[in-house]
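Worksheet: the structure to be examined is printed underneath.
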Amino acid sequence: MHSFEYRNGTLFCEDVDLAQLAQEVGTPTYVYSAATVLDHYRRLDAALAEVPHLICYAVKANSNIGLLSLLAGEHAGFDIVSGGELFRVRKAGGNPAQCTFAGVGKTEGEIAEALRQGILAFNVESEAELARINAVAATLGVRAPISVRVNPDVDAHTHKYVSTGKSENKFGIAFDRVLAVYAAAAQMSHIAIRGVQMHIGSQITQAGPFAEAVDKMLPLVNALKELYGIAYFSIGGGMGIIYDTSLASGASDWWETNASGGRLTLETYAAAVVPKLKPLGIKIVVEPGRFLVGNAGVLLTRLQYIKTTAAKKFAIVDAGMNDLIRPALYQSFHEIVPVVERPGSPEKVDVVGPVCESGDFFAQDRALPPLAEGDLLAVMSAGAYGATMSSNYNSRALPAEILVSGDRAATIRARQGPEDLVRGESLPQW
Ligand code: LLP
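And the structure:
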């Protein structure tokens, strides 16, 4: 489910009128629905009920501590990729003992801090990293809990920038090397083998690749259970969401509605993997990011100018690629709707930002109702990889972030001001 709907012609997030909110806090602004995040989390939890499991939310999708605190309140685990994310999880009240630490380039400092905080495990991405973790653990006089990230060489059928489980990707350890790496790990004085992990990519919209990857992993997981008594198998994240509701059959339930042709839903996902995982008899870890927060957020932006050229009509808005880079970087589709419904027949328009790059667009040749200066638009499905990938490019202040729960709206990140843009910078003193 998601909690953005029109009431009397105005878009609401739960019980908050977004037109009114934008008046109060300005634009651009990210708005998140707490109810949607919690609903997605609880339903995933229920769908996995038949296996012992831990949901480790992939913090990179949206790392605002206000949002993390919602999941910490549900006793979720967290999948982190940096010392910075671990710091955020702790700030939000999350439990480090339920944190898995992924990423191909962990530094010594990050490894040491994660060990001091007592994380669940490192997902080891290379033999060099394993040696480094062992060395850092030795200096601290502890044993480092590890899983090896296996690259199962499965095609996730997703955008090439977010496909991670093919042999040509930089992630994980090749299938045929994995047992040798575990054997080496078992010999290391300061390593404790805890589990095994895989992740094949992101925005995967079919159940097939997940099933294929699990099938491929099962003999290995059984062998590792036998050899080292591993306690868990992490099947990664990557579950896709519906960005384009015109592809979905029912209108209101974007995340779950099933378009034709076996698209991914919570049910098809669970049905594809749970029966295969159950006989393992060990804990299953999942690392969803987008699935939990993607459709829980929108980016509110106000239309600055209409510009008509010989070739095109442009709606120039006050949000840019620095606020939401997904269309520019991955050619991603985001639905765009007027916050106050507008009558009139749709016309094709490019919705673009103010940044000095032709890649700074949210939609091209999109049929939208006739728009005018001052109109408020909502860029939908912006809860994942929106704010976290934003930057100060063009010296644009980062947008505000608001968390809604019922009729309450909390500022979970204040809009930046000019001083924030130069914080930490200084004039040379020579
Ligand atoms: N686990 C690992 C090891 C990952 O690398 C990722 C995402 C996840 C879990 C969570 O994946 P999710 O459930 O969110 O698909 N910026 C891109 C997505 C990058 C995903 C990177 N890894 C986008 O905006 O589409």
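FYI, in the numbering used here the residues of the sequence shown are 1483 to 1912.
For each residue, glycine too, the CB sits at the ideal point set by N, CA and C.
Note that the structure is predicted; figures quoted are calculated from it, not measured.
Have a look at Ala1613, Leu1746 and Val1767 and flag the residue whose alpha-carbon is nearest the alpha-carbon of Gln1685. Closest by alpha carbon: Leu1746.
Could you spell out where the alpha helix (DSSP H) holding Gly1559 opens and where it closes? Secondary structure note for Gly1559: it is in no alpha helix (DSSP H), and the uninterrupted beta strand (DSSP E) holding it is Gly1559 to Ile1562.
Roughly how many whole angstroms lie between the Cα atoms of Glu1480 and Glu1901? With the chain represented from 1483 up to 1912, any question about residue 1480 goes unanswered, as that position is not in the structure.
Ignore the nearest five residues each way along the sequence and tell me which others in Pro1825's own chain have a CB closer than 8 angstroms to its CB. So the list reads Pro1851, once near-sequence residues are dropped.
If you follow the beta strand (DSSP E) that Gly1779 is part of, which residue opens it and which one closes it? First-last of the beta strand (DSSP E) with Gly1779: Gly1779 to Thr1790.
Using beta-carbon positions only, say whether Tyr1751 and Phe1815 come within less than 8 angstroms of one another. Tyr1751 places its beta carbon 8 angstroms or farther from that of Phe1815.
Within its chain, find whatever has a CB closer than 8 angstroms to the CB of Gly1868; leave out the 5 residues flanking it on each side and keep chain order. Within the same chain, Gly1868 has close Cβ partners Tyr1512, Asn1544, Gly1779, Leu1781, Asp1805, Leu1806 and Arg1808.
Among Pro1836, Leu1493 and Leu1520, nearest to Gly1776 - alpha-carbon criterion: Of the residues Pro1836, Leu1493 and Leu1520, the one whose Cα lies closest to the Cα of Gly1776 is Leu1520.
Three-state secondary structure (DSSP) of Asn1490: In this structure, Asn1490 counts as coil in the three-state DSSP scheme.
Does at least one heavy atom of the ligand LLP sit under 7 angstroms from the Cβ of Phe1773? Checking the Cβ of Phe1773 against the ligand LLP gives yes.
For Pro1770, is the beta carbon positioned less than 7 angstroms from some heavy atom of the ligand LLP? Correct: Pro1770 has its Cβ closer than 7 angstroms to the ligand LLP.
Give the secondary structure of Pro1900 by DSSP, where H, G and I count as helix, E and B as strand, and everything else as coil. DSSP places Pro1900 in helix when its eight states are reduced to three.
Rounded to a whole number of angstroms, what is the C-alpha to C-alpha distance between Leu1536 and Ser1840? Taking the Cα positions, Leu1536 is about 43 angstroms away from Ser1840.
Glu1567 to Lys1542, Cα distance in whole Å? Spanning the alpha carbons of Glu1567 and Lys1542 requires a straight line of approximately 8 angstroms.
Secondary structure of Leu1858, DSSP reduced to three states: If DSSP states are grouped into helix, strand and coil, Leu1858 belongs with the strands.
C-alpha gap between Phe1773 and Ile1723, whole angstroms: If I take the Cα positions, the gap works out to 6 angstroms.
Which residues does DSSP list as the beta-bridge partners of Ile1807? Bridge partners of Ile1807: none, in fact.
Grouping DSSP H, G and I as helix and E and B as strand, with all else coil, what is His1641? Annotated three-state conformation of His1641 is coil, per DSSP.
Does any heavy atom of the ligand LLP sit closer than 7 angstroms to the C-beta of Ala1810? Checking every heavy atom of the ligand LLP against the Cβ of Ala1810, none is found closer than 7 angstroms.
Which residues in the same chain as Gln1786 place their Cβ atom closer than 8 angstroms to its Cβ, once the five residues preceding and following it in sequence are excluded? Here the set comprises Ile1798, Val1799, Asp1800, Pro1836 and Glu1855.
Mind checking whether Ser1629 and Val1678 have CB atoms under 8 angstroms apart? Yes, they are a contact pair.
I think Leu1602 touches Ala1579, with their Cβ atoms under 8 angstroms apart; what is that distance to the nearest whole Å? The beta-carbon separation of Leu1602 and Ala1579, rounded to 6 angstroms, stays under the 8 angstroms limit for a contact.
For Ser1716, list the residues DSSP reports as bridge partners. For Ser1716, which the question treats as bridged, DSSP gives the partners Gln1679 and Val1767.
Beta-carbon gap between Ile1673 and Ala1667 smaller than 8 angstroms: In this structure, Ala1667 lies closer than 8 angstroms to Ile1673 by Cβ.
Check whether the Cβ of Tyr1787 sits closer than 7 angstroms to any heavy atom of the ligand LLP, and report yes or no. Outside the cutoff, so no.
Along the chain, where does the alpha helix (DSSP H) containing His1535 start, and where does it finish? Unbroken run through His1535 is the beta strand (DSSP E), His1535 to Ala1540; no alpha helix (DSSP H).
Can you list the beta strand (DSSP E) stretches of 3 or more residues lying completely in the stretch 1601-1632, in chain order? Within the stretch 1601-1632, the runs of beta strand (DSSP E) that reach at least 3 residues and sit entirely inside it are, in chain order, 1603-1606.
Sorry if obvious, but does the Cβ on Gln1685 come closer than 7 angstroms to a heavy atom of the ligand LLP? Answer for Gln1685: yes, Cβ within range of the ligand LLP.
Closest Cα partner of Val1507 within the set Leu1549, Ala1882, Ile1818 and Arg1905: The residue with the shortest Cα to Cα distance from Val1507 is Ala1882.
Alpha carbon of Thr1621 to alpha carbon of Val1606, nearest angstrom: Near 19 angstroms, if we compare the C-alpha coordinates of Val1606 and Thr1621.
Closest residue to Ala1529 among Leu1748, Phe1844 and Gln1813 (Cα-Cα distance): Of the candidates Leu1748, Phe1844 and Gln1813, the one whose C-alpha sits nearest the C-alpha of Ala1529 is Leu1748.
State the beta-bridge partners of Arg1895 as determined by DSSP. Arg1895 pairs with Glu1883.
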